[in-house]
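Participant: Got a structure for you, questions after.
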Ligand code: GDP
């Protein structure tokens, strides 16, 4: 199953750069490279030690293509576990292609997406969840997602699963043994120890499953909906948070017709801000589409920022309308947190402020009120702190394992389901052969996470999502 042909790909992004790295892996990698590499010092690559770097030229038929640095790694002590050569050349796309074409003409083939990492997996350098973490690491764009990916790549999560699986496997073989001696009615597997193990596995699985809620939002960014009537300052607030002029700011009511999404990092956590049209009832067709979308966006959001223009709040009846609208959102979305933002603080007088503080709805578990000026950025830092409080960063700080991968999450759910069936079987004193089936199922699902159980389709799905050259 392990391929032995030699693959090549550009490991750095395509396009021009100062340098580019071309990676070759396979049993012939070093021999092939040595055919076209002329070392400055006249060294032959084949005779060089592993993990060494050499300066020289890539030459074909006396034509010098580039001056390069060549690093060699001899299997099994390399990323893929095979012989690996990395050529650092000058970053012109022309040079990159010339060198790659040279090797393609002479025995290499183009690597598929993720094929280097696939080989690392097949050669036992990484397990499956570690390999997946490599892709997450490349995709990580904030401190939290980076930390989770690094931790997973280093194997914390895999080891936890592997240890539990091994213990379960031991018990499974004892139970299977009982089946072989079924005539004699013996029990090799100590039932109370088994119960204790099942309990422990259940606790670990539940913890990991729960962590997915945090992990998933951290990986994808925490969705925050910015809601409010036209002209209250939604785009200005978004710009203040984004620190750039991305959303459209204008004085004409209803200009933010479409939704705009942008992700920014606050305190190392990614937040996805969704700017939306107001929820005010309207006759305008385009606007009403925007309003429907507002509710859709709130449905997807973790937190709702409800923005009002403080200046307009002084108008007769405005306070009651506001309370109504907040109630509407609260009733429609009973689980969402709401931050009521009174904007344009820079235009408000002390008297107005104290009047608001008296009349505004009281803060409760789900709702907080903040006074801000999107224009002068006063209070924007308080808002950022508030947003961070909505994220359970405790697990991150404590270095607990956090599951971010949907495939792992589904496998954990299935494994837990089977473990619960086994527990039920124990309680009901069901025959061992029935329990053995459920134990095998649990083992199967746990094994899928780390790749101890695998199939071509699964590998194809995972590695085709990688970039070429990884
Ligand atoms: P949106 O329709 O809710 O996106 O509102 P905009 O962000 O387009 O803002 C509407 C108008 O209000 C613009 O002229 C902004 O400059 C102005 N504005 C927004 N925030 C503030 C603020 O905090 N103070 C003041 N004085 N004006 C603001």
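Residue numbers (UniProt numbering): 1 to 470. All C-beta atoms, glycine included, are put in the ideal place defined by N, C-alpha and C. No experiment lies behind these values; they were computed from the predicted model shown.
Is residue 200 buried or exposed, if buried means 16 or more other CB atoms sit within 10 Å of its CB?
Facilitator: Answer is exposed; the Cβ neighbour count stays below 16.
Participant: Keeping to the same chain, check which residues put their C-beta closer than 6 Å to that of residue 127; ignore five residues upstream and five downstream.
Facilitator: Within the same chain, residue 127 has close Cβ partners 158, 450 and 451.
Participant: Tell me where the beta strand (DSSP E) around residue 79 begins and ends.
Facilitator: Per DSSP, residue 79 belongs to no beta strand (DSSP E) and is neither H nor E.
Participant: Does the distance between the C-beta of residue 344 and the nearest non-hydrogen atom of the ligand GDP fall short of 7 Å?
Facilitator: Yes, since a heavy atom of the ligand GDP falls inside the 7 Å radius drawn around the Cβ of residue 344.
Participant: With respect to the alpha helix (DSSP H) encompassing residue 334, which residues constitute its N-terminal and C-terminal limits?
Facilitator: It is not in any alpha helix (DSSP H) - residue 334 carries neither H nor E in the DSSP assignment.
Participant: List in chain order: all unbroken beta strand (DSSP E) runs of 3+ residues lying wholly within the region 358-385.
Facilitator: List check, beta strand (DSSP E) in window: 367-371.
Participant: When the distance is taken between beta carbons, is residue 75 closer than 8 Å to residue 82?
Facilitator: Cβ atoms of residue 82 and residue 75: closer than 8 Å.
Participant: Going by the CB atoms, is the gap between residue 48 and residue 471 shorter than 8 Å?
Facilitator: Past the boundaries of the shown model lies residue 471; the chain is included only from 1 to 470, so the question cannot be answered.
Participant: Where does residue 425 fall in DSSP's three states?
Facilitator: It is helical.
Participant: Thinking just about the alpha-carbon of each residue, which of 453, 443, 458 and 430 is nearest to the one in residue 191?
Facilitator: Comparing Cα positions, the closest option is 430.
Participant: Is residue 374 near the ligand GDP, judged by its Cβ being under 7 Å from some heavy atom?
Facilitator: Indeed, a heavy atom of the ligand GDP lies less than 7 Å from the Cβ.
Participant: If you follow the beta strand (DSSP E) that residue 51 is part of, which residue opens it and which one closes it?
Facilitator: Residue 51 -> no beta strand (DSSP E), and no H or E assigned at all.
Participant: Mind reading off the beta-carbon distance from residue 26 to residue 7? Whole number of angstroms is fine, and I expect it under 8 Å.
Facilitator: 6 Å between Cβ atoms; contact.
Participant: Roughly how many angstroms separate the alpha carbons of residue 280 and residue 388, rounded to a whole number?
Facilitator: Confidence at residue 280 is low in this model, with a pLDDT of 49, below 50, so the placement of that residue should be treated as unreliable; the coordinate-derived value is given next. Rounded to whole angstroms, residue 280 to residue 388 spans 29 Å at the Cα level.
Participant: Here's the rule: buried if 16 or more other CB atoms are within 10 angstroms of the residue's CB, otherwise exposed. What is residue 28?
Facilitator: Result: buried.
Participant: Taking a contact to mean a Cβ-Cβ separation below 8 Å, would you say residue 443 touches residue 165 in this structure?
Facilitator: Closer than 8 Å, so yes.
Participant: In chain order, which continuous runs of the alpha helix (DSSP H) of length 4 or greater are located wholly inside the region 110-189?
Facilitator: As far as the region 110-189 is concerned, its whole alpha helix (DSSP H) runs of at least 4 residues are 115-122, 128-139, 143-153 and 156-180.
Participant: If you reduce the DSSP assignment to three classes, tell me which class residue 223 lands in.
Facilitator: Three-state result, residue 223: strand.
Participant: For residue 230, is the beta carbon positioned less than 7 Å from some heavy atom of the ligand GDP?
Facilitator: Indeed, a heavy atom of the ligand GDP lies less than 7 Å from the Cβ.
Participant: With a threshold of 16 other CB atoms inside 10 Å of the CB of residue 247, please say whether the residue is buried or exposed.
Facilitator: Any reading at residue 247 must be qualified, since the residue scores a pLDDT of 46, below 50, and its modelled position is unreliable; the value itself is stated next. Answer is buried; the Cβ neighbour count reaches 16.
Participant: If residue 65 and residue 95 are in contact, beta carbons under 8 Å, what's the gap, nearest whole angstrom?
Facilitator: So it is a contact: roughly 7 Å between Cβ atoms.
Participant: At what residues does the beta strand (DSSP E) containing residue 463 begin and finish?
Facilitator: Per DSSP, residue 463 belongs to no beta strand (DSSP E); it is in the alpha helix (DSSP H), 456-463.
Participant: Compute the Euclidean distance between the alpha carbons of residue 287 and residue 230, then round it to the nearest angstrom.
Facilitator: Any reading at residue 287 must be qualified, since the residue scores a pLDDT of 49, below 50, and its modelled position is unreliable; no value is offered.
Participant: So, are the CB atoms of residue 228 and residue 102 less than 8 Å apart?
Facilitator: Their beta carbons are not under 8 Å apart, which means residue 228 does not touch residue 102 by this criterion.
Participant: Could you tell me if residue 181 is buried or exposed, where buried requires 16 or more neighbouring beta carbons within 10 angstroms of its beta carbon?
Facilitator: Exposed, since its Cβ has fewer than 16 Cβ neighbours within 10 Å.
Participant: What's the C-alpha gap between residue 72 and residue 23?
Facilitator: Going from the Cα of residue 72 to the Cα of residue 23 covers about 10 Å.
Participant: Name the residue from 69, 90, 36 and 390 whose alpha carbon lies nearest to the alpha carbon of residue 52.
Facilitator: Minimum Cα distance to residue 52 is reached at 69.
Participant: Should residue 354 go down as buried or exposed, given a rule of 16 or more other Cβ atoms within 10 Å for buried?
Facilitator: The residue is exposed, with fewer than 16 neighbouring Cβ atoms inside 10 Å.
Participant: Considering only the beta carbon of each residue, do residue 374 and residue 240 sit closer than 8 Å?
Facilitator: A contact, by the Cβ cut-off of 8 Å.
Participant: Could you give the DSSP three-state label for residue 38: helix, strand or coil?
Facilitator: In the structure shown, residue 38 sits in a strand (DSSP, three-state: E or B).
Participant: What do you get for residue 223, buried or exposed, if any count of 16 or more other CB atoms within 10 angstroms of its CB means buried?
Facilitator: Buried.
Participant: Assign residue 464 to buried or exposed, taking buried as 16 or more other Cβ atoms, counted over all protein chains shown, within 10 Å of its Cβ.
Facilitator: Classification of residue 464: exposed, given that the 10 Å Cβ count is below 16.
Participant: Check whether the Cβ atoms of residue 404 and residue 216 sit closer than 8 Å, and answer yes or no.
Facilitator: Yes; because the gap between Cβ atoms is below 8 Å, this pair is in contact.
Participant: Should residue 437 be labelled buried (16 or more other beta-carbon atoms within 10 Å of its own) or exposed?
Facilitator: Exposed, since its Cβ has fewer than 16 Cβ neighbours within 10 Å.
Participant: Taking residue 337 as the reference, give the member of 303, 351 and 358 with the closest Cα.
Facilitator: Among 303, 351 and 358, the Cα nearest to that of residue 337 is on 303.
Participant: For residue 30, which residues in the same chain have their Cβ closer than 8 Å to its Cβ, ignoring the five residues on either side in sequence?
Facilitator: Correct list, in chain order: 45, 46, 72, 74, 83 and 85.
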